[in-house]
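Enquirer: One structure, as structure tokens, below. Some questions next.
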Amino acid sequence: MDFNNGEDVVINVDGLQKAYHVYDAPHDRLKQIFLGWRRNYYRDFLALSDVSFKVRKGKSVGVIGRNGAGKSTLLQLLTGTLTPTSGDIGIKGKVAAVLELGSGFNPEFSGRENIYLYASLFNLKKSCIEERLHKIIEFSELAEFIDQPVKVYSSGMQARLAFSVIAHVDADILIIDEALSVGDAFFAQKCMRFLRKFQENGTILFVSHDLAAVTSFCDEAIWIENGRIREVGNAKDVCENYFAQLYMQHTGAEGVAAEPSAEVENEVAFEPLVSEPIISESHVSLDDGSLDLGKQEIESFGFNLESSSFGTGGAEILSVSFSNARGHNINVCEGGQDVVVKVVARAKHAIDLPIVGFIVKDRLGQPLLGGNTYHSYKNKPVRVEKNNLLESAFHFKLPILAVGDYSIVAAVANGTLAEHVQLHWLHDALLFKVVATSIDGVIVGATLDKISLTQKGV
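Following the UniProt record's numbering, the numbering of the sequence shown begins with 1 at its first residue and continues without gaps.
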């Protein structure tokens, strides 16, 4: 394939299609062998159809989609495990991949023998493998079992062995399927540290159902749906759109509020909500003074009405504010200081069991903290009449946050935590920035009540 259009493009996929023959009955296969010249006894199932995208050098790209969408098929085509029905694939550089568990291994061979077998698939000579054998075994932490046949390995042990090999084959491009999801937490963290280091110079294609992992780890994302690309773009934006569609499909929301259960209707009396006018708050300028230990300087950008959202439309979030306990916008606050997130929404129709919630996320979309009203009001629900305002205030102690950009997600639903309809979910409803802080090297800090350092003689 021609790469002249972009020297930094290392993966170029154009018009990719993969079709499988599907037979309605077992004997149709036999008919196809002997009578296929007359007509086809199968129908084509398109696992992938008209898939085109480019990946540039040094980028980490996540591939998301529901089970059966075609993600694993795409990776197998990229690695050459499968042959495309039509379309072109161009790859510049050495590719190493961890696909489904057990691929590339002989179950009768020992772990040591499979290291030689698996590494040879990446064109490593035997002498080169021998030089790296100790490091591969050490990385896998399987020294005790390395001479046992792989067929007695657990799925997690197989994942360890496969990843340990690809981590030592000097690849330019890594393709990772969800094999890491079966490993233990400690080894998963070890793999992520390796991948973070690999990101400095290499290219990664990463398949996962963990949207938080994709948004935090990847620069871009590809959303595949029913064998076709639904969306390509910034990882955070694509994951938010995918989450919105997945959520609405999962809840079966059709624009109708959930009906309250008979148990709630019979045992619990509703309290009407008394609406109050929304009062706008003035912004306070930043304090330019130095920060004491445990303090952080915060700049708020106010409510963002134009941010992306989804929901049935049964309610509309009108404002989201972030203030101290006295109702003033926060500029400098201490870790552990009382703060308030206030969400105001209007009911477009009567809401029997309203739930209001918020989530604070970092710039990569990772959720840091949040809460909702369900548990506080599940035994004494508040019924909201049509056109009335629903105002919710969340009082909590703010931890010390690292310097960076943050957003507050706000949502209004109708029902219970287990069964509810999302009326309005507003991404990035309020943006704020921590411009100075007293912590370093972590995402969230806490005030320490006591610190001691003692030297004792031997």
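Quick reminder that beta carbons are idealized off the backbone N, C-alpha and C, glycines included.
A quick note: this is a predicted structure, and the numbers were derived from the prediction, not measured.
#1: Taking the CB atoms as reference points, tell me whether residue 154 and residue 178 lie closer together than 7 Å.
#2: Could you pull the start and end residues of the alpha helix (DSSP H) that residue 373 belongs to?
#3: Roughly how many angstroms separate the alpha carbons of residue 21 and residue 377, rounded to a whole number?
#4: Mapping the DSSP letters down to three states, classify residue 144 as helix, strand or coil.
#5: Quick one: residues in its chain with C-beta nearer than 8 Å to the C-beta of residue 265, no 5 flanking neighbours on either side, listed in chain order?
#6: I'd like to know if the region 218 to 234 and the region 81 to 101 are in contact, where contact means that at least 3 CB-CB pairs between them fall below 8 Å.
#7: Which same chain residues, not among the five before or five after residue 19, have their C-beta less than 8 Å away from its C-beta?
#8: Going by C-alpha to C-alpha distance, which of 171, 353, 409 and 349 sits closest to residue 10?
#9: Quick one: complete beta strand (DSSP E) runs, 3+ long, within the region 51 to 106?
#10: May I ask you to list the residues that DSSP assigns as paired with residue 223?
#11: Pair every Cβ in the region 54 to 69 with every Cβ in the region 193 to 207, then say whether three or more of these pairs are closer than 8 Å.
#12: May I ask which residues mark the beginning and end of the beta strand (DSSP E) holding residue 346?
#13: Residue 315 and residue 426: beta carbons closer than 7 Å?
#14: Is it buried or exposed for residue 313, if we count other Cβ within 10 angstroms and need 16 for buried?
#15: Could you tell me if residue 197 is buried or exposed, where buried requires 16 or more neighbouring beta carbons within 10 angstroms of its beta carbon?
#16: Do you know offhand how far residue 241's Cα is from residue 320's?
#17: With 16 other CB atoms within 10 Å as the buried threshold, where does residue 15 fall?
#18: Nearer than 6 Å: is that true of the beta carbon of residue 206 relative to any heavy atom of the ligand NAD?
#19: Assuming residue 161 and residue 142 are in contact, meaning their beta carbons sit under 8 Å apart, how far apart are those beta carbons, in whole angstroms?
#20: Looking at residue 42 and residue 31, is the spacing between their C-beta atoms short of 7 Å?
#21: Select from 8, 195, 169 and 244 the residue whose C-alpha is nearest the C-alpha of residue 176.
#22: Less than 7 Å separating the beta-carbons of residue 136 and residue 168?
#23: Quick one, which of 71, 130 and 189 has its alpha-carbon nearest residue 165's?
#24: Please state whether the Cβ-Cβ distance between residue 411 and residue 365 is less than 7 Å.
#25: Whose C-beta lies closer than 6 Å to the C-beta of residue 395 among residues of the same chain, with five residues either side of it excluded?
#26: Out of 215, 157 and 318, point me to the one whose CA is closest to residue 187's CA.
#27: What do you reckon, are the CB atoms on residue 344 and residue 391 nearer than 7 Å?
Expert: Quick look at the numbers:
#1: no
#2: Run containing residue 373: none; DSSP gives neither H nor E here.
#3: 55 Å
#4: helix
#5: Because the pLDDT of residue 265 is 39, which lies under 50, any placement of that residue in the model is unreliable, and the number read from its coordinates should be weighed accordingly. So no residue of the chain qualifies.
#6: no
#7: 44, 45, 46, 47 and 85
#8: 171
#9: 60 to 64, 86 to 91 and 95 to 98
#10: 64 and 231
#11: yes
#12: 337 to 347
#13: no
#14: exposed
#15: exposed
#16: 21 Å
#17: exposed
#18: Questions concerning the ligand NAD fall outside what the structure shown contains, since it holds no ligand whatsoever.
#19: 6 Å
#20: no
#21: 195
#22: yes
#23: 130
#24: no
#25: 340
#26: 157
#27: yes
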